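K.L.:
Quick one: the structure is below, questions incoming.
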Amino acid sequence: MQTSSDRHEYPAHWEADVVLRDGGTARVRPITVDDAERLVSFYEQVSDESKYYRFFAPYPRLSAKDVHRFTHHDFVDRVGLAATIGGEFIATVRYDRIGAGGTPASAPADEAEVAFLVQDAHQGRGVASALLEHVAAVARERGIRRFAAEVLPANTKMIKVFMDAGYTQKRSFEDGVVRLEFDLEPTDRSLAVQYAREHRAEARSVQRLLQPGSVAVVGAGRTPGGVGRSILGNIRDAGYTGRLYAVNKALPEAQEELDGVPACRSVREIDGPVDLAVVTVPAEHVPEVVTECGEHGVQGLVVISAGYADSGPEGRERQRALVRHARTYGMRIIGPNAFGIINSSPQVRLNASLAPEMPRPGRIGLFAQSGAIGIALLSRLHRRGGGVTGVTGVSTFVSSGNRADVSGNDVLQYWYDDPETDVALMYLESIGNPRKFTRLARRTAAVKPLVVVQGARHGGVAPQGHAVRATRLPHATVSALLRQAGVIRVDTITDLVDAGLLLARQPLPAGPRVAILGNSESLGLLTYDACLSEGLRPHSPLDLTTAASADDFHAALSRALADDTCDAVVVTAIPAVGEGSGGDAALAEALRSAAVAEPGKPVLVVHVELGGLAEALSAATSTAPQATANTAPQATANTAPQAASNTREESRSAAPAPRLPSVEAPEGAHHIPAYPAAERAVRALAQAVAYAQWRGDAADPGKVPEYEDIDEKGAAGLIAGHLARGQGLTLGTQETCDLLGRYGIHVHRALPAHTPDDAVAAARTIGYPVALKATAPHLRHRADLGGVRLDLADEEQLRRAYAELTELFGKPQELRPVVQGMAPRGVDTVVRAVIDPAAGAVLSFGLAGAATQLLGDMAHRLIPVTDREATSLIRSIRTAPLLFGWRGSAPVDSAALEELLLRVSRLVDDHPEVVAVTLEPVVVAPRGLSVLGASVRLAPPPARDDLGPRTLPAY
């Protein structure tokens, strides 16, 4: 503990866990007086060369004075941080505030000298880079704006750490020393560097879990049955290519094998490294296992054991202790209460899960927070992947359980680089960090499709075991923001699989034009109607009649694919009749060969009770052996309890799949997805069309424009002055107008009218014609209640209107009437911006009145908004036609509206203290617009963890 003479209490909020470049973790924390022995031990393990680089001279050991200096800090002018693993130091960083001459100083001096020392065994792991991010954040918090560092020219590693950080810096050389000076304000480049390092580290941490060279199953029972013994058998039977060990402390000392697998009583007894431990022991024994694994150097854990946050408050605390314990040793955790992980790559073949059969190898990555849903998804992909779309199957599968550590964000980082994964499917019950998820989703979706279904979206609370941030945004808004980031949002796991199978093996459509052909006129018409419902542009269905042969299908499909007015083809098929009709295999081969000849357009099949067509399509396009893919993954007695709650449809999905023949397809063969209903096929196609359009738009996201009349500094001064009066406040009318005016947003003048004479005086000031409006909360923006009188041309009309309002609604004190000049007629709209603590700053737009309040017809974009996003925002609402000349009306000035949206976006982005803005109504006329009402709320901004140093979620 720090002594009483220290100027500040111990800053516990500086403690953090970080993921290093190689995927391991370390703890970053302030150095205190209690660390003297750790510091001496750490220094003794540093090489003489590293000591020389730190002190510019031979420095074999630290003196007592050195130890005192390096462990006594005031946490303001003198700060030291350490990176620790297993409680021991692996690196340190220190800053000392200095004045103009380089001498020790206190505030308001805003420069500090910084120096690092990293243990040689941990150099190259990105420890110094992580420490630099954290010590820079600490320095900014303490009013330091600039770091200076002196480095020997030979210390190229340290120079590279500083140079690569992305800060604005100066470099000089004097007296044989390189002097670096750099500002600590985050820049676009420093944030890009930080995100890139975060990506590499988190992707590597998941890679270590999914591609282990050796696995130990801890808790493998001595007798058949039980969770541990089942998982051990699943790993062995899948043909895992690495080293496998069974661990059970109750094994007799003489027993050396279990089910043909080398067996030990403890992880410590294993001769050789262990990369991954699958933990299946009861929760009360897990801490002992974690200690053994940490001391043996295990890199990661999959904790199948339940009894944590899923079981109540005591379990939640047990879960926190588990995460803290594992991170002490640099290990990451999947789980607890996890279903397991799967990697179908031939180089790995790992089935460390409760699924008794290895899924077919394929190009789909699958993440599920629920074990029950994981079972259903694996079963559906297995059944549909083999029986409908060939061998399209799973590349990797992660069931995160309580998601205490490794989350969907981490898996997205891995999938982004994974060459084995073409499509990512995710079942999420909660999103712990929506801001980060949106950022990662946008980047991932730019290179491969990401399909998400979110459970518990109407429950209002996260499932037990999930620690998530509170958000004030409704689910519909969060969904809109995810779609903006390129996420393909679906509502059910059936839609999840339908979309995934189409995207995994079919090209993206170039547009919404759809050709429909088949041997059933009725099924073709159903498909046509479904296309119209989904916003596609279908051609008239081509009926080949029920007597159509396989050659007829081939010819029709070839013509459709060659048609430049067609972007996709849906083939409908019912059981063929007649002597000339071909079998299922012939039809499948006909469709496949036509698709191969024109590979640039997607082809989907809608089939009705076709018996073997789906299997024939698979056989015609199979590209890999199916030796181990005989049955779908089934729930066993060891499956998580919630598996019992599957729906009847999910239970049918888990039925064993038929055994499929292994058939080699020609080079470049397509997997043609088949669907049992036209609506499902068309819905998947519509999602692919929308995603393809997003991909095209994302290539040119637009820019955030600059406006010369924006007075950013003036606005900052106003905001600081207002906040000096209180922590959170809603500005008055004039204060609101003044602040918005700094950003070129001019609010139509409104004058209070406490009496009829005041109303007349206000009208004379403004000039007739005027409007008289009641601004009481229950009447504000409610023209339907009669609280507004428009086009009052003279004093007589104004006095009469005033009398009517007071007679209808009460005294002026209750009505709060105002007089406002008439604005040009147009369409009433509303513009809002809000800073959500979880999702960040959000800009919203809709029509004023019933459309927004009753139908929820609002569109949303994340701030800062680009010019292209502003253009799409006003066109995204369902009532957008009212803005663009619906039924012969004059189109509004959309350019003026887009500019207003961009100015509001800039205001909130430049000043995060502006936590809420509402402009209502905004009347948009054919030329120009008028802001008739506005409100602004100020408050200290919520913390932006995406601008701070990299950290793992705190426990």
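For the sequence shown, the working numbering gives the first residue as 34, with consecutive numbering after it.
Beta carbons are placed, not taken as given, at the ideal position from N, Cα and C, and that holds for glycine.
The structure presented is a predicted model; accordingly, all values stated were derived computationally and were not measured.
1) Pick out the complete beta strand (DSSP E) segments inside the stretch 403 to 446, 3 residues or longer, and give them in chain order.
2) Please classify Arg-833 as buried or exposed, where buried requires at least 16 other C-beta atoms within 10 Å of its C-beta.
3) Which residue from Asp-455, Asp-438, Leu-411 and Asp-143 puts its Cα closest to that of Ile-366?
4) So the beta strand (DSSP E) Asn-376 belongs to, where does it begin and stop?
5) Classify Ser-386 as helix, strand or coil using the three-state DSSP reduction.
6) I'd like to check one pair, Ala-866 with Ala-874: are the Cβ atoms closer than 8 Å?
7) For a minimum of 3 consecutive residues, which ranges assigned as the beta strand (DSSP E) are wholly contained in the stretch 149 to 204?
8) Since Val-484 sits in a beta bridge, which residues does DSSP pair it with?
9) I need the DSSP call for Lys-98, collapsed to helix, strand or coil.
10) Helix, strand or coil: which one does DSSP assign to Gly-774?
11) Consult DSSP for Phe-108 and reduce its assignment to one of helix, strand or coil.
12) Report all residues from its chain with a CB closer than 8 Å to the CB of Gly-176; omit the five preceding and five following residues, and keep chain order.
13) Are Met-196 and Ala-161 close, meaning C-beta to C-beta below 8 Å?
14) Helix, strand or coil for Ala-401? Go by DSSP, reduced to three states.
15) For a cutoff of 8 Å on Cβ pairs, would you count Val-109 as touching chain B?
16) Going by C-alpha distance, which of Lys-203, Glu-837 and Leu-224 is nearest Glu-214?
17) Excluding the 5 residues preceding and the 5 following Ala-676 in the sequence, name in chain order all residues of the same chain whose CB lies nearer than 8 Å to its CB.
18) CB Gly-333 to CB Ala-316, shorter than 8 Å?
19) How about Ala-271 and Leu-383: are their beta carbons less than 8 Å apart?
20) My parser needs the alpha helix (DSSP H) runs of 4 or more residues fully inside the stretch 838 to 891; what are they?
21) Could you check how far apart the C-beta atoms of Val-323 and Leu-355 are, in whole angstroms? I think they sit under 8 Å.
22) Are the beta-carbon atoms belonging to Leu-934 and Ala-958 less than 8 Å from one another?
23) Please state the DSSP three-state secondary structure of Ile-743.
24) How would you write the range of the alpha helix (DSSP H) that Ala-717 sits in, first residue to last?
25) Tell whether a beta-carbon distance below 8 Å holds between Ile-705 and Leu-624.
26) With 16 other CB atoms within 10 Å as the buried threshold, where does Phe-88 fall?
27) Just how far apart, CA to CA, sit Leu-831 and Ala-783?
28) Give the secondary structure of Pro-394 by DSSP, where H, G and I count as helix, E and B as strand, and everything else as coil.
29) Among Arg-71, Pro-257 and Leu-277, whose alpha-carbon lies nearest the alpha-carbon of Val-248?
30) What are the boundary residues of the alpha helix (DSSP H) that Phe-75 is part of?
31) Which residues does DSSP list as the beta-bridge partners of Cys-297?
32) If Ala-537 and Gly-395 are in contact, beta carbons under 8 Å, what's the gap, nearest whole angstrom?
33) Apart from the five residues on each side of it in sequence, which residues of its chain come closer than 7 Å, Cβ to Cβ, to Pro-44?
34) Please give me, in chain order, every unbroken run of the alpha helix (DSSP H) with length at least 4 that falls completely inside the stretch 523 to 602.
35) Please determine, among Arg-130, Ala-198, Val-210 and Glu-235, the residue with the shortest C-alpha to C-alpha distance to Leu-224.
36) Mind checking Pro-306: buried by the 16 CB within 10 Å criterion, or exposed?
P.N.:
The relevant details are as follows:
1) 427 to 432
2) exposed
3) Asp-438
4) 373 to 376
5) strand
6) yes
7) 179 to 184
8) Leu-458 and Ile-521
9) helix
10) helix
11) coil
12) Ala-140, Pro-141 and Asp-143
13) no
14) strand
15) Judged by its chain identifiers, the structure shown contains no chain B, having just a single protein chain.
16) Lys-203
17) Reliability fails at Ala-676, whose pLDDT of 34 lies under 50, so the model's placement of it is uncertain and the value that follows must be treated cautiously. Result list for Ala-676: Gly-404, Ala-405, Ile-408 and Ala-668, in chain order.
18) no
19) yes
20) 845 to 848 and 883 to 886
21) 7 Å
22) no
23) coil
24) 711 to 731
25) yes
26) exposed
27) 15 Å
28) strand
29) Leu-277
30) 69 to 77
31) Val-280
32) 7 Å
33) Pro-63 and Phe-108
34) 526 to 538, 554 to 566 and 583 to 595
35) Ala-198
36) exposed
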